[in-house]
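Undergrad: Residue numbers (this note's numbering), protein chains in the order written: chain P, 38 to 362; chain Z, 136 to 415.
Glycine included, every Cβ here is placed at the ideal spot set by N, Cα and C.
Structure incoming, see below.
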Amino acid sequence: MQGQSPKADGDLSAFVERQPVGIARLSLVQRLKELLGGGQLQAALLFLPPALLLFTLFVTLPVIEAAYYSFFNWNGYGAPSKVIGLENYQRVLQDPIFYGSLLNNLWVILVSAFIQVPLALWMALLISDKTRSSVVFRAIFFLPYILGEIVAGLIWRYMYDGNYGVVALIFHALGQEPPQVLATEGWAEAALLLVVIWKYFGFHMALFVAGRQSVPDDVLESAQIDGATRRQSTFYIVLPLMKPVVILSLFFSILGSLQFFAMIIPLTDGGPSNSTHSAVSYLYTFGIKRMRVGYGSAVGVTLFVICVVVMLLYKRLFMRQKATR
Amino acid sequence: MASTSTRRPGLFIYYRWLLLLLVAGLCLLPLWATVIGGFKSSGELRTNALGLPHQWLVDNYISIATSARFWQMLGNSAFISGVTVFFTLLLSSMAAYVLAHLRFAGIRWLGNYLALGLTFPFATAVLPVFIRVRDLGLLDTYWGVILPQVAFNLGFSVVILQGFFAELPKELFEAAFVDGCSYTRIFWQITLPLSRPVLATVGVLSLVGSWNEFLLPLVMINDDSLYPWPLGIMQYQGQYGTDWGKVLAFVTLTLAPALIFYLMAQKHIIAGLTSGAVKG
Numbered sequence: 038m039q040g041q042s043p044k045a046d047g048d049l050s051a052f053v054e055r056q057p058v059g060i061a062r063l064s065l066v067q068r069l070k071e072l073l074g075g076g077q078l079q080a081a082l083l084f085l086p087p088a089l090l091l092f093t094l095f096v097t098l099p100v101i102e103a104a105y106y107s108f109f110n111w112n113g114y115g116a117p118s119k120v121i122g123l124e125n126y127q128r129v130l131q132d133p134i135f136y137g138s139l140l141n142n143l144w145v146i147l148v149s150a151f152i153q154v155p156l157a158l159w160m161a162l163l164i165s166d167k168t169r170s171s172v173v174f175r176a177i178f179f180l181p182y183i184l185g186e187i188v189a190g191l192i193w194r195y196m197y198d199g200n201y202g203v204v205a206l207i208f209h210a211l212g213q214e215p216p217q218v219l220a221t222e223g224w225a226e227a228a229l230l231l232v233v234i235w236k237y238f239g240f241h242m243a244l245f246v247a248g249r250q251s252v253p254d255d256v257l258e259s260a261q262i263d264g265a266t267r268r269q270s271t272f273y274i275v276l277p278l279m280k281p282v283v284i285l286s287l288f289f290s291i292l293g294s295l296q297f298f299a300m301i302i303p304l305t306d307g308g309p310s311n312s313t314h315s316a317v318s319y320l321y322t323f324g325i326k327r328m329r330v331g332y333g334s335a336v337g338v339t340l341f342v343i344c345v346v347v348m349l350l351y352k353r354l355f356m357r358q359k360a361t362r
Numbered sequence: 136m137a138s139t140s141t142r143r144p145g146l147f148i149y150y151r152w153l154l155l156l157l158v159a160g161l162c163l164l165p166l167w168a169t170v171i172g173g174f175k176s177s178g179e180l181r182t183n184a185l186g187l188p189h190q191w192l193v194d195n196y197i198s199i200a201t202s203a204r205f206w207q208m209l210g211n212s213a214f215i216s217g218v219t220v221f222f223t224l225l226l227s228s229m230a231a232y233v234l235a236h237l238r239f240a241g242i243r244w245l246g247n248y249l250a251l252g253l254t255f256p257f258a259t260a261v262l263p264v265f266i267r268v269r270d271l272g273l274l275d276t277y278w279g280v281i282l283p284q285v286a287f288n289l290g291f292s293v294v295i296l297q298g299f300f301a302e303l304p305k306e307l308f309e310a311a312f313v314d315g316c317s318y319t320r321i322f323w324q325i326t327l328p329l330s331r332p333v334l335a336t337v338g339v340l341s342l343v344g345s346w347n348e349f350l351l352p353l354v355m356i357n358d359d360s361l362y363p364w365p366l367g368i369m370q371y372q373g374q375y376g377t378d379w380g381k382v383l384a385f386v387t388l389t390l391a392p393a394l395i396f397y398l399m400a401q402k403h404i405i406a407g408l409t410s411g412a413v414k415g
């Protein structure tokens, strides 16, 4: 494929090592000369600051400020003055709704790992060749991924509507009274998870297709000559070689789950009785919406810590082998 | 040559097609129901969710497509995402160039610093970002959305671009350098033109992200004449509730730009989003 960077497919190295490659390895004197003469310093002084400034202003400082604000009871107006220490954190960590929302995030990850990823892998193995039908199927499966989360949420809100949508149709066909899916605890969560699968499995499929295409053909051919069946080739050659892509794919599931938000708003808005919040929608509903800057910041910091710990742990446990390569 | 895939051709092909058609059907069903739903009356939506409408109503589509509000919010989205993509590409390629090619003490540290942006979701810092944007007087402006968006895009885009720049052939730069080309000029005249595919990747990633972004404009923009389409559509839905014919027509019309873009550049989008994801 043309639009890809040189060593894209299934390559995790971007996560692990990034080594700046100098234009030329020169002696110290030469390098000093080059630094002043060739405009290295000039280039650096011109090119780096805009990115660094913007990043510091809107990413780094806000994280630090969130940590600071989280010790205050502050509605965002005037200067923060009412120090309440760790009380915000105490309230976050004692709120069952917060744990419920984290549990929902965990559900997203579990459903992704045990339903979405296997489904995506299965489909990818069927359509990773270059035939026309495969290209068309790939395009169809990927389509929901490019839609906005808001639109996906609205479409499915209609689908689930007990009076109108397709779910109602199915229940009527079975001669049953359709439930108000999104207003029933338990059902609403399951409904949300189904939309997650629908929207994101195509993305995982595309990752797997790229991974499958990078399995060298000669290995499979020689296995075939040795009399391996399709099933054997799949289970003993293709899948083991695709393990890094599966690990990467799950990494994105976790990342996606921790950012899961916009789809919830049109679907359930966190209800019924706050049972379908994700961590971010909890943050939005109980921090941002009510302008409780201190409390929202405490939630943000807690979420930040969870993210960093989970990511580092996952990388260390599963994505390590690459670093030694 | 007797290959394994053709050993039992009949069975495998049936199973493959059956399965693929089933999954494709499930993928497309909600979209079909939406597009077709916009043509139906409320009464018909109750009884006939999936079939073709008995009576094609075009009022919903026409009244939305001819309203100034609709085009205004698409315009808002187009402006915000266009400018976001431009500045993401500009700032991140400049930074990535320095990080990939030049050697200074501490330059690796700077690269790692920008990559930090990859480890946590924007939402965790959204309240302080809101306060910053407010203090800068940028609430209710396009820039209040654009600047934080660009800043949060820098992490992944610098990582992707830096990886690509580092692998460009050194000889090119040496030759240009010997010919007296400065580092700044090498960037504009050699590196950037050679990097079109990866710039497209980063561009697609930030375009799709920005076009669909909800949380940031939700927090930063109050004035509904500045609403990008995800906010506009929620407002519309709030107004018409379960008058689904209207809402579905609205949804369909906002889907249209994304679908057209997808059909035109499908290959690049899939490659861009996945390779970009793999890289970043």
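Just to confirm the assignment, what range does the alpha helix (DSSP H) spanning Cys316 of chain Z have?
TA: No alpha helix (DSSP H) contains Cys316 of chain Z, which DSSP labels as neither H nor E.
Undergrad: For the putative contact between Thr409 of chain Z and Leu90 of chain P, defined by C-beta atoms under 8 Å, what is the C-beta separation to the nearest angstrom?
TA: That belief does not hold up - the Cβ atoms of Thr409 of chain Z and Leu90 of chain P are roughly 31 Å apart, past 8 Å.
Undergrad: Looking at the structure shown, is Val120 of chain P part of a helix, part of a strand, or coil, going by DSSP?
TA: Looking at Val120 of chain P - three-state DSSP - the assignment turns out to be strand.
Undergrad: Have a look at Z:Gly279, Z:Leu161 and Z:Asn211 and flag the residue whose alpha-carbon is nearest the alpha-carbon of Met355 of chain Z.
TA: Looking at the Cα atoms, Z:Gly279 is the closest of the given residues.
Undergrad: Using only alpha-carbon positions, find the residue among Z:Thr201, Z:Gly246 and Z:Tyr196 that is nearest to Ala231 of chain Z.
TA: It is Z:Gly246 whose Cα lies nearest to the Cα of Ala231 of chain Z.
Undergrad: When the Cα atoms are used, what is the spatial distance from Ala200 of chain Z to Ala205 of chain P?
TA: Each residue's alpha carbon lies about 29 Å from the other.
Undergrad: Can you name, in chain order, every residue of its own chain whose Cβ lies under 7 Å from the Cβ of Val347 of chain P, other than the five neighbours on each side?
TA: Here the set comprises Ile291.
Undergrad: Does the beta-carbon distance from Thr169 of chain Z to Ile192 of chain P come in below 9 Å?
TA: Cβ distance < 9 Å, so Thr169 of chain Z and Ile192 of chain P count as in contact.
Undergrad: Quick check on the DSSP output: the alpha helix (DSSP H) that includes Lys167 of chain P runs from which residue to which?
TA: Element bounds for Lys167 of chain P: n/a, residue is neither H nor E.
Undergrad: Quick check: what's the CA-CA separation for Phe257 of chain Z versus Ala316 of chain P?
TA: So the alpha carbons of these two residues sit roughly 12 Å apart.
Undergrad: Anything in the segment 195–209 of chain P with a Cβ closer than 8 Å to a Cβ of chain Z? List those residues in chain order, please.
TA: The residues in question are Tyr195, Met196, Asp198, Asn200, Tyr201, Gly202, Val203, Ala205 and Leu206.
Undergrad: Do Asn141 of chain P and Glu226 of chain P have their CB atoms nearer than 9 Å?
TA: Yes, the pair counts as a contact, with Cβ atoms nearer than the cut-off.
Undergrad: Under 7 Å Cβ-Cβ, which residues of chain Z neighbour Tyr319 of chain P?
TA: Those do not exist, as Tyr319 of chain P stays about 10 Å from chain Z at its closest Cβ, beyond 7 Å.
Undergrad: Quick one, which of P:Ile177, P:Thr313 and P:Gln217 has its alpha-carbon nearest Met196 of chain P's?
TA: Among P:Ile177, P:Thr313 and P:Gln217, the Cα nearest to that of Met196 of chain P is on P:Gln217.
Undergrad: Three or more C-beta pairs under 8 Å: does that hold for the segment 270–287 of chain P against the segment 178–189 of chain P?
TA: Verdict: no, contact absent.
Undergrad: Can you give me the C-alpha to C-alpha distance between Tyr114 of chain P and Gln77 of chain P, rounded to a whole angstrom?
TA: In a straight line, the C-alpha of Tyr114 of chain P is about 45 Å away from that of Gln77 of chain P.
Undergrad: Going along the segment 331–343 of chain P in order, which residues come within less than 8 Å of chain B, judged by CB to CB distance?
TA: Any reference to chain B falls outside this structure, whose protein chains are P and Z.
Undergrad: Pick helix, strand or coil for Phe135 of chain P, following the three-state DSSP scheme.
TA: If DSSP states are grouped into helix, strand and coil, Phe135 of chain P belongs with the helices.
Undergrad: Excluding sequence positions up to five away, which residues of its chain have a Cβ less than 6 Å from the Cβ of Arg378 of chain Z?
TA: A small correction: the amino acid at residue 378 of chain Z is Asp; Arg does not occupy that position in the sequence shown. Here the set comprises nothing.
Undergrad: Roughly how many angstroms separate the alpha carbons of Ile60 of chain P and Lys305 of chain Z, rounded to a whole number?
TA: A caution first: Ile60 of chain P carries a pLDDT of 46, below 50, which makes its placement in the model too unreliable to give a value.
Undergrad: For chain P, find out if any of its Cβ atoms is closer than 9 Å to the Cβ of Asn211 of chain Z; answer yes or no.
TA: So, not an interface residue.
Undergrad: Find the residues of chain P that neighbour Ala230 of chain Z, judging by a C-beta separation of less than 8 Å, and give them in chain order.
TA: What Ala230 of chain Z touches in chain P: Phe84, Leu85, Pro87, Ala88 and Leu89.
Undergrad: Check whether the Cβ atoms of Ile321 of chain Z and Ala335 of chain Z lie closer than 9 Å to each other.
TA: Going by C-beta atoms, Ile321 of chain Z is not nearer than 9 Å to Ala335 of chain Z.
Undergrad: Please identify, using Cβ separations under 7 Å, the residues of the segment 307–320 of chain Z that lie next to chain P, in order along the chain.
TA: Residues passing the 7 Å Cβ filter: Phe308, Glu309, Phe312, Ser317, Tyr318 and Thr319.
Undergrad: Can you look up Phe109 of chain P in the DSSP assignment and give me helix, strand or coil?
TA: The answer is strand: DSSP assigns Phe109 of chain P an E or B state.
Undergrad: Give me the chain Z residues within the contact set of Pro303 of chain P, using Cβ-Cβ distance strictly less than 8 Å, ordered along the chain.
TA: Result: Met369 and Gln372.
Undergrad: Of all Cβ atoms in chain P, is any one closer than 9 Å to the Cβ of Ile356 of chain Z?
TA: Ile356 of chain Z does not count as touching chain P.
Undergrad: Output the residue ranges of the alpha helix (DSSP H) runs that lie fully inside the segment 320–361 of chain Z and measure 4 residues or longer, sorted by chain position.
TA: Runs found: 331–347 and 350–355.
Undergrad: Between Tyr106 of chain P and the rest of its own chain, which residues show a CB-CB distance below 8 Å, the 5 nearest in sequence each way excluded?
TA: Excluding sequence neighbours, Tyr106 of chain P sits near Pro117, Val330, Gly331 and Ser334.
Undergrad: Does DSSP classify Phe239 of chain Z as helix, strand or coil?
TA: It is coil, neither helix nor strand.
Undergrad: Taking the alpha carbon of Leu249 of chain Z as the reference point, which residue from P:Leu231, P:Pro86 and P:Gln250 has its own alpha carbon closest?
TA: Ranking P:Leu231, P:Pro86 and P:Gln250 by Cα distance to Leu249 of chain Z puts P:Pro86 first.
Undergrad: Please classify Gln190 of chain Z: does DSSP put it in a helix, a strand, or coil?
TA: Gln190 of chain Z falls in the coil class under three-state DSSP.
Undergrad: If contacts are defined as beta-carbon pairs under 8 Å, then Ile301 of chain P and Ser318 of chain P qualify, I think. What distance do you get, rounded to the angstrom?
TA: Indeed they touch by this definition, with Cβ atoms about 5 Å apart.
Undergrad: Whole angstroms are fine: how far does the CA of Pro253 of chain P sit from the CA of Met242 of chain P?
TA: In a straight line, the C-alpha of Met242 of chain P is about 19 Å away from that of Pro253 of chain P.
Undergrad: Using the three-state DSSP reduction, which class does Asp306 of chain P fall into: helix, strand or coil?
TA: If DSSP states are grouped into helix, strand and coil, Asp306 of chain P belongs with coil.
Undergrad: Pick out whichever of P:Asp198, P:Leu229 and P:Trp224 has its Cα sitting closest to the Cα of Ser294 of chain P.
TA: With distances taken between Cα atoms, Ser294 of chain P lies closest to P:Leu229.
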